[in-house]
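Following the numbering used here, the numbering of the sequence shown begins with 45 at its first residue and continues without gaps. Read the structure below first, then the notes.
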Amino acid sequence: MFAQLGKADKLYEQNRYFKAIPYYVNATKKQTTKQKANLKLADCYRKVNEYEKAESAYRSALSTDPNIDPQVNYDFASVLKANGKYDEALEQYTIYLKQKPNAESAKKVKKFCAEIKYWMSRPKEYEIKNVEKINSANAEFCPVYVNNKLIYVAEKTSFDFVEFEKNDYNGQPFLNMYIAQVNGASAEKSKDFSKKVNSESHDGPISVSSDGKTIYFTRVTGGGKKASTAKIYTAMGHDRTWGNTKPFPYNSDEYSVAHPSISSDNNLLFFASDMSGGFGGKDLWVSKRNGDNWEKPVNLGPDINTSGDEMFPSIKNNGVLFFSSNGLPGYGGLDIYSAKALDGKWLLQRNEGLSINSSYDDFGITFMNDTLGYFSSNRVGGKGKDDIYFFHFTDKSLIISGTVLLTENGKDPAKGIKVTLKEEDGTLVESTKTNDKGFFEFKNLDSEKKYMAIIDNSDPQFTGKARYFLADGNKIVQRVTNKEGSDKFVFRNLPVDPNGLPDLYTNDDLTLAGNLLYGENPSKPLKNTKLVIKNEFGDVLEETTTNEFGAFTFRNIPSDQNYMVTMAESDIVLPDNTKVTLTNKSGKEIKTFYSGSNGKFNFKVLASDKNTISEMNAADDNLVMDIFGFVYDENKKPIANAKIFLREDSKGGGVNEIATSANGKFNFKNLRADKNYIFEADDKDPVLNGVKKIYIADSKGRIYRIITKNGEGKFSFKVIESDKTLLGDFVVDDPWLAVLELKNKKEKEELTIVENIYYNFGDHKFDEAGQKVLDKVITVLISNPKLLIELSSHTDSRSSDQFNLALSKKRAQFAVDYMIAKGVDKKRLKAIGYGETKLLNKCSNNVECTDDEHKVNRRSEFKISESPSS
45 MFAQLGKADK
55 LYEQNRYFKA
65 IPYYVNATKK
75 QTTKQKANLK
85 LADCYRKVNE
95 YEKAESAYRS
105 ALSTDPNIDP
115 QVNYDFASVL
125 KANGKYDEAL
135 EQYTIYLKQK
145 PNAESAKKVK
155 KFCAEIKYWM
165 SRPKEYEIKN
175 VEKINSANAE
185 FCPVYVNNKL
195 IYVAEKTSFD
205 FVEFEKNDYN
215 GQPFLNMYIA
225 QVNGASAEKS
235 KDFSKKVNSE
245 SHDGPISVSS
255 DGKTIYFTRV
265 TGGGKKASTA
275 KIYTAMGHDR
285 TWGNTKPFPY
295 NSDEYSVAHP
305 SISSDNNLLF
315 FASDMSGGFG
325 GKDLWVSKRN
335 GDNWEKPVNL
345 GPDINTSGDE
355 MFPSIKNNGV
365 LFFSSNGLPG
375 YGGLDIYSAK
385 ALDGKWLLQR
395 NEGLSINSSY
405 DDFGITFMND
415 TLGYFSSNRV
425 GGKGKDDIYF
435 FHFTDKSLII
445 SGTVLLTENG
455 KDPAKGIKVT
465 LKEEDGTLVE
475 STKTNDKGFF
485 EFKNLDSEKK
495 YMAIIDNSDP
505 QFTGKARYFL
515 ADGNKIVQRV
525 TNKEGSDKFV
535 FRNLPVDPNG
545 LPDLYTNDDL
555 TLAGNLLYGE
565 NPSKPLKNTK
575 LVIKNEFGDV
585 LEETTTNEFG
595 AFTFRNIPSD
605 QNYMVTMAES
615 DIVLPDNTKV
625 TLTNKSGKEI
635 KTFYSGSNGK
645 FNFKVLASDK
655 NTISEMNAAD
665 DNLVMDIFGF
675 VYDENKKPIA
685 NAKIFLREDS
695 KGGGVNEIAT
705 SANGKFNFKN
715 LRADKNYIFE
725 ADDKDPVLNG
735 VKKIYIADSK
745 GRIYRIITKN
755 GEGKFSFKVI
765 ESDKTLLGDF
775 VVDDPWLAVL
785 ELKNKKEKEE
795 LTIVENIYYN
805 FGDHKFDEAG
815 QKVLDKVITV
825 LISNPKLLIE
835 LSSHTDSRSS
845 DQFNLALSKK
855 RAQFAVDYMI
865 AKGVDKKRLK
875 AIGYGETKLL
885 NKCSNNVECT
895 DDEHKVNRRS
905 EFKISESPSS
């Protein structure tokens, strides 16, 4: 029995696995050689694809001693997977990883087994049919489609195509190439491909150049006791006449070079080889043509090649490489995969899924066009060992596309900018550049995954950009980049759901708010003035119009840029050299500047000026907004007099109702910016009779959203953050806005407004910020002559009661006197000092409180009412 094992081992070392098998079978009958013989026998069966026999031999070996080389567990797992026993395969991969915890490829394969139910349930994209006319009881495999003909390899006896090498046979040529006319799954009678190419050796698989004048094919020659290596040869000619056969310069007697596939430009030759420098087993390599010579082969890298076997490459005209592997995560045996080069690096795209793949060996794919082709498989249900199948690819893959914009303006594309696509977990997929319209597209993506697109800002023409915008085919902005590092910008959560909402939020944005006043003593609000904010590249980021108090807000402004705010147009004509003051929402002066000879002005906001940015920054709970836009019908014509409702998206929220104007415009005013709203139009409204869809446009008339009826028969959508950006106009929440609205109301109301007018300790004279508050009050009184104001001043509890009462009266009267001096009729004003008699908290005499707690009580209140005679 030791002699049997010795003979078997010698044959095994010569890669003569078929010949070694019976010797190992005999060696398993003796107890002293049983385990070793079973291990080698299992490996021989695995290498010649006899997976059921391999499983039995592995089980026998492990039952004798389960504590063996972990590679046995890995190989046994691959056999179990090929036999469809994924749960048991998962156990073997787990055992292997306990001893090889850093084996990344094993981790991936194990994960695939653990998720096999998911992979099995995925949509099948390939419809397949057996090409019965070609197939026989023997093996037919590795088809190549050329001009309605199929060139393929067939055997007349056993041949181990996976191991390349020649087996023991009866001295006759048993592996040759044949050709048949085909039409889908139908075929005519096959013929020898060419007597000039088919030899007494093993010939095939083959690849044909795009002009049909050169063939590249595998040949295994030689004999004797040592298995021969596979080599690649070329031949020139056409049809069945070929000559000038030459060997590929990187052939070797020490390793195999096989399975050639030539690119459509005839400059890249892909092949499989077990030469040194790979990752184990057979790897995929590529050699580049340089004139009449071929450059040294380059390994396709660790994303493609594994410790298993990667073979049968097939390069498509679009640059996608298809191949087979038993080392990558798959269903068992050899599976078909696709890969693509990115910046010179080959990256795995995907396992091509069930139907074209099985738990058996699936390999040798060729293409007629983008959707039709052929492949070979030894799966159950075929006519022989390996059969050729016709496939129809029903594309369920994903396309991610869009237009990259430099600004929100659809006519401002980012031309020629590099876009890199990654999976959500950061796995690199591929890259491209935008065209002259800023458009990019990625095809054939896994529809089960989410992606992100990265904009490379390193090109000098784009250096320093703050952000980019992603628009759909209608030029509607759907995404805005988040910044990653110094020169990377990311569009997340791709693809864009056509029924979803735009995602225009980025976490480092600012809201810049302020008030503009012009002139002096008193300064007046610069109202109804259009402002534009631009970055240092001249891109217009946003436009807004000041309100009655000269207040403005710019939202979603990147925090790391420099800006110029420019006066675009105004109802107010500013004389040359008019002083303009910028204040924050509390009235504190931030900047002063002067109008030019054209009556306009501009001012800078620098990223380095942290103080200015801090003073101007405002949170949404400090803001109110107007939501306005236009309503159109399916023909893009305005819908006039339609009743539009806007209600808070919360229980007990208020409802606003307006009718659209003659040009379809709506405008909801003074809404809380930190709330979400529901926009609704009722189809029972006669104006909407027969309307199936309504189109919402922004203030510039750009279609933003298409609304269809919901289950209640209403046109409805939720106004959330992204909608506010496009439909909203924001200002800092100012209680005096409500006072301005009094003149538009039929019923009389009374309002009380609390303002913080600050004084030096013990002084009755207000500071500059207090003056700005009073100037605002004057503006309100001038705008509505019917208003009366009672100004009351309050102190905190520090100092004596008598001192505080007297001080508060002085402060109230000083403020009233200021307004009278600026032209307000004293009959409309009343000053009252309450001292510390109306505290708002616990901080009375002898109660220890912080300065912030005392500060609450130091206030000025304005009680506004209308004249009884009005």
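Beta carbons are placed, not taken as given, at the ideal position from N, Cα and C, and that holds for glycine.
Reference T610, options S844, K574, N242, E592, closest by Cα: Checked all of S844, K574, N242, E592; the closest Cα to T610 is K574.
Excluding sequence positions up to five away, which residues of its chain have a Cβ less than 7 angstroms from the Cβ of D928? With the chain covering only 45 through 914, there is no way to say anything about residue 928.
What three-state label does DSSP hand S243 in the structure shown? DSSP places S243 outside both helix and strand once states are collapsed to three, so it counts as coil.
Quick one: is Q48 buried, meaning 16 or more other Cβ sit within 10 Å of its Cβ, or exposed? Flag for Q48 reads buried.
Is A274 closer than 8 angstroms to T258 when the C-beta atoms are compared? The answer is no: Cβ separation not under 8 angstroms.
Taking only three categories from DSSP, how would you classify D431? Reduced to three states, the DSSP call for D431 is strand.
Drop a sphere of 10 angstroms on the beta-carbon of A515, count the other beta-carbons inside from all chains shown, and report buried for 16 or more, exposed for fewer. Note on A515: 16 or more other CB atoms within 10 angstroms of its CB, so buried under the neighbour-count rule.
One or two residues paired with K737 in a DSSP bridge: Partner(s): T752.
Within 10 Å of its beta-carbon, does T350 have 16 or more other beta-carbons around it, so buried, or fewer, so exposed? Counting Cβ neighbours within 10 Å, T350 comes out buried, since at least 16 surround it.
Output yes or no for whether 8 angstroms exceeds the beta carbon distance between M412 and Y196. For the 8 angstroms CB-CB criterion, M412 and Y196 do not form a contact.
Taking 8 angstroms as the threshold (C-beta atoms), are V649 and T451 in contact? The Cβ atoms of T451 and V649 lie no closer than 8 angstroms to each other.
Can you look up N646 in the DSSP assignment and give me helix, strand or coil? Correct three-state label for N646: strand.
Based on DSSP bridge pairs, tell me the residues matched to T72. For T72, which the question treats as bridged, DSSP gives no partner whatsoever.
Excluding five sequence neighbours on each side, which residues of the same chain lie with their C-beta closer than 7 angstroms to the C-beta of N288? Only residues of its own chain outside the window of five on either side were considered, and among them A279, M280 have a CB closer than 7 angstroms to the CB of N288, listed in chain order.
In terms of residues, what are the limits of the alpha helix (DSSP H) holding A81? It spans 78-91 - the alpha helix (DSSP H) in which A81 sits, taken as one unbroken run.
Determine which residues share a DSSP beta bridge with E678 and list them. Bridge partners of E678: none, in fact.
Beta-carbon proximity check, N579 vs P569, cutoff 8 angstroms: N579 places its beta carbon 8 angstroms or farther from that of P569.
Would you kindly report the start and end of the unbroken beta strand (DSSP E) that includes A279? DSSP places A279 inside the beta strand (DSSP E), whose first and last residues are 274-282.
Applying the 10 Å Cβ sphere with the 16-neighbour rule, what's the burial state of G374? With 16 or more other Cβ atoms within 10 Å, it is buried.
From which residue to which residue does the alpha helix (DSSP H) around F156 run? Unbroken alpha helix (DSSP H) run through F156: 148-158.
Please specify which runs of the beta strand (DSSP E), each continuous and at least 3 residues long, are wholly inside the segment 439-483, giving them in chain order. As far as the segment 439-483 is concerned, its whole beta strand (DSSP E) runs of at least 3 residues are 442-449, 462-467, 472-477.
For H282, count neighbouring C-beta atoms within 10 Å of its own C-beta (all shown protein chains included) and say buried if the count is 16 or more, exposed if not. Taking every protein chain shown into account, the CB of H282 has fewer than 16 other CB atoms within 10 angstroms, so this residue is exposed.
Closest to T894 by CA distance: which of V735, R394, R842 is it? It is R842 whose Cα lies nearest to the Cα of T894.
Going residue by residue through the segment 156-193, where are the continuous alpha helix (DSSP H) segments of at least 4 residues, counting only ones entirely within it? With a minimum length of 4 residues, the unbroken runs of alpha helix (DSSP H) contained wholly in the segment 156-193 fall at 160-165.
Looking at the unbroken beta strand (DSSP E) that takes in V116, where does it start and where does it end? For V116, there is no enclosing beta strand (DSSP E); the enclosing alpha helix (DSSP H) has its first and last residue at 114-126.
With DSSP as the reference, please indicate the residues paired to S614 in a beta bridge. In DSSP, S614 forms a bridge with T573.
Below 8 angstroms between beta carbons: does that hold for T823 and F596? Cβ distance not < 8 angstroms, so T823 and F596 don't count as in contact.
Distance, E94 Cα to K151 Cα: Taking the straight line from one Cα to the other gives about 25 angstroms.
Can you give me the C-alpha to C-alpha distance between G544 and I520, rounded to a whole angstrom? Residue confidence is low: G544 scores 42 on pLDDT, short of 50, so the model does not pin down where it sits. No coordinate-derived value is stated.
According to DSSP, residues forming a beta bridge with Q225: Q225 is bridged by DSSP to K193.
If you reduce the DSSP assignment to three classes, tell me which class E892 lands in. Of the three classes helix, strand and coil, the one that applies to E892 here is coil, per DSSP.
What does a CB cutoff of less than 7 angstroms around M863 pick up in its chain, not counting 5 residues either side in sequence? Within the same chain, L818, V821, I822, L873 come within 7 angstroms of M863 by CB-CB distance, once the 5 residues on both sides are set aside.
Inter-residue spacing [alpha-carbon to alpha-carbon] between K758 and K736: Taken atom to atom, the span from the alpha-carbon of K758 to that of K736 is near 10 angstroms.
Look at A725 and G673 and say whether their C-beta atoms are less than 8 angstroms apart. Not closer than 8 angstroms, so no.
Leaving out the 5 sequence neighbours to the left and right, which residues in its chain are closer than 7 angstroms to M164 when beta-carbon positions are compared? Excluding residues within five positions, the ones whose Cβ falls inside 7 angstroms are L398.
In the structure shown, what three-state DSSP assignment does H898 receive? Helix.
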